[in-house]
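Chemist: The opening position of the sequence shown corresponds to residue 1 in our numbering, with each subsequent residue numbered one higher. First, the structure itself, so that you have it in front of you.
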Amino acid sequence: MHALGTHLLVELRDCNPEILKDLSKVKDALVSAAKEAMATIIDVSFHEFNPFGISGMVVIAESHLSIHTWPEYGYAAVDIFTCGDIIKPEVAAHYLIAQFESKNPSIVEMKRGILSCSNEKLPHKVCDAELQMVS
1 MHALGTHLLV ELRDCNPEIL KDLSKVKDAL VSAAKEAMAT IIDVSFHEFN PFGISGMVVI
61 AESHLSIHTW PEYGYAAVDI FTCGDIIKPE VAAHYLIAQF ESKNPSIVEM KRGILSCSNE
121 KLPHKVCDAE LQMVS
């Protein structure tokens with residue numbers, strides 16, 4: 001069964017709380033994870049909450065990486081959604097596990113955009129001719 005994309009739900013438990021509350025470290029880790037996975041970065045947006053916690057998104061041409069941190073619990077929730085065959089989301093996930101020093105990580109993989117039951121591989125972008133046929 002082929003899908004348009006792969007979505008990793010990454011649970012990072014028992015992380016270093018000092019890293020999770022440092023905006024520059026969190027941002028650098030997500031940007032670097034995208035680069036490690038060979039993604040094309042389009043935009044980066046992060047927000048630091050008071051008294052602590054960070055949410056951020058790295059938009060990539062192939063989809064996105066996002067994070068929400070709870071330093072007080074040593075926890076971060078990460079989503080890595082990629083389309084196509086070039087990007088390897090598991091590379092980004094393992095990079096982030098190491099960067100946040102997670103002692104108890106888990107990764108759940110979901111296939112997104114399963115449009116048919118055929119064994120035909122689905123391109124993640126539709127060509128102009130096919131788009132005109134749909135409209």
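We put the CB at the ideal spot given by N, CA and C, even for glycine.
Between Ala93 and Ile107, how many whole angstroms is the CB-CB distance? I'm expecting something under 8 Å.
Modeler: The pair is a contact, with the Cβ atoms about 5 Å apart (cut-off 8 Å).
Chemist: What did DSSP end up calling Asp43 once you bin it into helix, strand or coil?
Modeler: Strand, per DSSP.
Chemist: Taking three-plus beta-carbon pairs below 8 Å as touching, is the segment 83-102 in contact with the segment 27-45?
Modeler: Yes: the two stretches touch, three or more of their Cβ pairs being nearer than 8 Å.
Chemist: Helix, strand or coil, according to DSSP, for Ala129 in the structure here?
Modeler: Because the pLDDT of Ala129 is 47, which lies under 50, any placement of that residue in the model is unreliable, and the number read from its coordinates should be weighed accordingly. Helix, per DSSP.
Chemist: So, does the CB of Ser32 fall closer than 8 Å to a CB anywhere in chain C?
Modeler: In the structure shown, chain C does not exist; there is a single protein chain.
Chemist: Opposite Ser55 in the DSSP bridges: which residues?
Modeler: DSSP lists His47, His68 as partners of Ser55.
Chemist: Spatial neighbours of Glu48 within its chain, please: CB distance less than 8 Å, with the 5 preceding and 5 following residues excluded, ordered by chain position.
Modeler: For Glu48, where only same-chain residues beyond five positions count, the Cβ hits under 8 Å are Leu23, Ile54.
Chemist: Less than 6 Å between C-beta atoms, sequence neighbours within five positions excluded: which residues of the same chain meet that for Met110?
Modeler: Only His7 meet the Cβ criterion.
Chemist: Relative to the C-alpha of Ser102, which candidate in Leu65, Val44, Gly74, Met38 has its C-alpha closest?
Modeler: Nearest of Leu65, Val44, Gly74, Met38 to Ser102, Cα basis: Gly74.
Chemist: Identify, in the order they occur along the chain, each residue of the same chain with its Cβ nearer than 6 Å to the Cβ of Glu62, setting aside the five sequence neighbours on each side.
Modeler: Hits under 6 Å: Ala39, Thr82, Cys83, Gly84, Ile87.
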